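In the working numbering, the protein residues as written are 32 to 157.
Beta carbons are placed, not taken as given, at the ideal position from N, Cα and C, and that holds for glycine.
Keep in mind that this is a model prediction, so the values were computed, not measured.
In what follows, a single structure is set out as structure tokens and then discussed.
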């Protein structure tokens, strides 16, 4: 059996070893996504980067769009998304939020699989 962690001790992000490989991959993915989205916005949305931006933030960006932006636009009656605009920081933030949703989806799947595996092992008497 593993030793339970005392409820009074907290894990600090500044301790060595707190940044596991999975956390580094997640932060790297978010940073890369934000950097590419910002470069795409600064370059003026070249058609070469549009499919790449859709690919690296899929399906999180779609979930953000459908669950947040479309209902908000319906409530406010906003049609500003249809016109061409200049530089906007909202587009990189949108893609970054989509990447964050992707990280949370993967994290949730991993937690579910670990929980399911632990329950299965516990029912077998291990």
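Please confirm whether residue 68 and residue 146 have their CB atoms less than 7 Å apart.
On the chain shown, position 37 is the one that residue 68 refers to. On the chain shown, position 115 is the one that residue 146 refers to. No, Cβ-Cβ distance for residue 68 and residue 146 is not below 7 Å.
Quick check on the burial criterion: 16 or more other C-beta atoms within 10 angstroms. Buried or exposed for residue 136?
Translated into positions along the chain shown, residue 136 becomes position 105. Per the 10 Å Cβ criterion, exposed.
Would you identify the three-state DSSP class for residue 79, choosing helix, strand or coil?
Within the chain shown, the letter at position 48 stands for residue 79. In this structure, residue 79 counts as coil in the three-state DSSP scheme.
Option nearest residue 72 by Cα separation, candidates 52, 117 and 103:
Stepping through the chain shown from its first residue, residue 72 is reached at position 41. Ranking 52, 117 and 103 by Cα distance to residue 72 puts 117 first.
Buried versus exposed, by CB contacts within 10 Å (16 or more), residue 130:
If you number the chain shown from 1, residue 130 lands on position 99. Buried, because 16 or more other Cβ atoms sit within 10 Å of the Cβ of residue 130.
Thinking just about the alpha-carbon of each residue, which of 94, 103 and 59 is nearest to the one in residue 128?
For the purposes of this step, residue 128 is taken as the residue at position 97 of the chain shown. Closest option to residue 128, Cα to Cα, is 94.
Scan the segment 47-73 and note each continuous alpha helix (DSSP H) run of 4 residues or more that stays entirely inside, going in chain order.
Secondary structure within the segment 47-73: the alpha helix (DSSP H) runs of 4 or more consecutive residues, fully enclosed, are 52-73 (chain order).
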